[in-house]
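For reference, the structure is listed below as structure tokens.
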Amino acid sequence: MITISDLHLTKSERPIFQGLHLRCKAGEKVALMGASGSGKSTLLRAICGFERLDHGTITLEGRCATHDNQILIPPHDRNLSMIFQDLALWDHMSVGENITFVLKMRHTPPSQIKDAVEAILDRVDLAGYSPRRIESLSGGEKQRVALARSLVTHPKILLMDEPLSSLDEARKTKLITLINDLHQEHRFTLLYVTHSHAEAETIADRVLLLKEGKISES
Ligand SMILES: Nc1ncnc2c1ncn2[C@@H]1O[C@H](COP(=O)(O)OP(=O)(O)O)[C@@H](O)[C@H]1O
Ligand SMILES: [Mg+2]
């Protein structure tokens, strides 16, 4: 569950958010659209806890996470995952190490790590990929690793920033099916930024538009 009230944020004297409100129910899938530069990525970063606000409150799962310029819950304690537009996989690590790293950060007992990594890789159709280098993977495979790394910690909230924009239509369709299937299993709240109306309609229960620092139903 995400609740954002009366968000105001200015960067380099340019107002980005001007009284923005947003409410995503637990388990809901919401798509966010908006012109380039309208603030979509900044909004996701704010939900992660990477942005201080001029004014406003971000509440996650009923806990006040950011209030005005105070980060009350640090990013790693927000029980959420974000998939960035460029995926931000760690290229110098193997697939398995990428996933192991986030489990260690969450203090997963070492005895459970190997099984957890294998199970999530299996779930995204990458069984046996654990030793592979990130740079040896195709675009679609990298997307699957990013999904696996995000979901292995069972986050309540998944934020995705135009994650499929680099893929061709066939791969995009397969990944959308995978995202929808994973949502059925994990029931995270999904906030999905996209430029594509078709993608938004296929993934989301509700499509929102960010314009002039505010959000409206599109
Ligand atoms: N660190 C920053 N300093 C100044 N301006 C920034 C910074 N980050 C983003 N912006 C500006 O904020 C606006 C929103 O950016 P962004 O959230 O990346 O938009 P979108 O993801 O919708 O394309 C843009 O005008 C961008 O130039
Ligand atoms: Mg962006």
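Every position in the sequence shown, counted from 1, becomes a number in this note's numbering once 152 is added. C-beta atoms are modelled at their ideal positions from N, C-alpha and C, and glycine is treated no differently.
Measure from the alpha carbon of residue i to the alpha carbon of each residue in the options, then state which is nearest.
i: THR329; options: PHE340, VAL276 and ILE265; result: VAL276
i: GLY214; options: THR260, PHE202 and ILE156; result: ILE156
i: ILE210; options: LEU334, SER193 and ARG230; result: ARG230
i: PRO371; options: LYS326, ALA356 and SER246; result: Coverage of the chain is limited to positions 153 through 370, which leaves residue 371 absent and any answer about it impossible.
i: LYS308; options: SER188, ILE168 and LYS177; result: LYS177
i: PHE340; options: SER164, HIS207, SER233 and HIS244; result: SER233
i: HIS207; options: SER190, HIS173 and HIS306; result: HIS173
i: GLU321; options: GLN336, ALA350, LEU334 and ASN332; result: ALA350
i: GLY187; options: ASP357, THR162 and SER348; result: Reading the sequence as shown, one finds Ala at residue 187 and not Gly. That would be SER348, whose Cα lies nearest to the Cα of ALA187.
i: LYS192; options: ARG323, PRO261 and PRO315; result: PRO315
i: GLY248; options: ASP267, GLN237 and ASP238; result: ASP267
i: GLY189; options: GLY179, PRO167 and LYS324; result: PRO167
From the DSSP output, in three-state form, read off residue i for me.
i: SER405; result: In the structure displayed, the chain extends from 153 to 370; residue 405 sits before or after that span and is not available.
i: HIS347; result: coil
i: MET245; result: coil
i: GLU369; result: strand
i: LYS163; result: strand
i: ILE156; result: strand
i: ILE223; result: strand
i: LEU278; result: coil
i: ARG197; result: helix
i: ALA217; result: strand
i: ALA240; result: coil
i: PHE253; result: helix
i: GLU353; result: helix
Does the beta carbon of residue i fall short of 8 angstroms from some heavy atom of ligand 3?
i: SER164; result: Ligand 3 is absent from the structure shown, which contains only ligand 1 and ligand 2.
Please list, in chain order, all residues of the same chain as residue i whose beta carbon is under 6 angstroms from its beta carbon, the five residues on each side excluded.
i: MET312; result: ILE235 and TYR344
i: GLU203; result: ARG197
i: ILE272; result: ALA300 and VAL304
Between which residues of its own chain and residue i is the CB-CB distance below 7 angstroms, once the five residues before and five after are set aside?
i: ALA352; result: ALA183, MET185, THR346 and VAL359
i: ARG133; result: What the structure shows of the chain is the stretch from 153 to 370, and residue 133 is not part of that stretch, so it cannot be assessed.
i: SER318; result: GLY291
i: HIS228; result: MET257
For residue i, report the span of its alpha helix (DSSP H) as first-last.
i: ILE272; result: 262-275
i: GLY208; result: Note, GLY208: premise wrong, no alpha helix (DSSP H); beta strand (DSSP E) at 207-212.
i: LEU303; result: 291-303
i: ARG323; result: 321-338
Can you list, in chain order, the residues of its chain with a C-beta nearer than 8 angstroms to that of residue i? Leave out the 5 residues immediately preceding and following it.
i: ASN250; result: LEU241, TRP242, ILE286, VAL297 and ARG301
i: GLN170; result: HIS160, GLU364, GLY365 and LYS366
i: GLU270; result: ALA279 and SER282
i: ILE154; result: LEU174, ARG175, CYS176, ILE199, ILE210, THR211, LEU212, ILE309, THR341 and LEU343
Counting only C-beta atoms, is residue i closer than 9 angstroms to chain D at any point?
i: ILE223; result: Of the protein chains in this structure there is only one, and it is not chain D.
Bridge partners for residue i per DSSP, in chain order?
i: ALA183; result: TYR344 and VAL359
i: MET312; result: ILE235 and TYR344
i: LEU174; result: ILE156
i: PHE169; result: LEU161
i: ARG285; result: SER246
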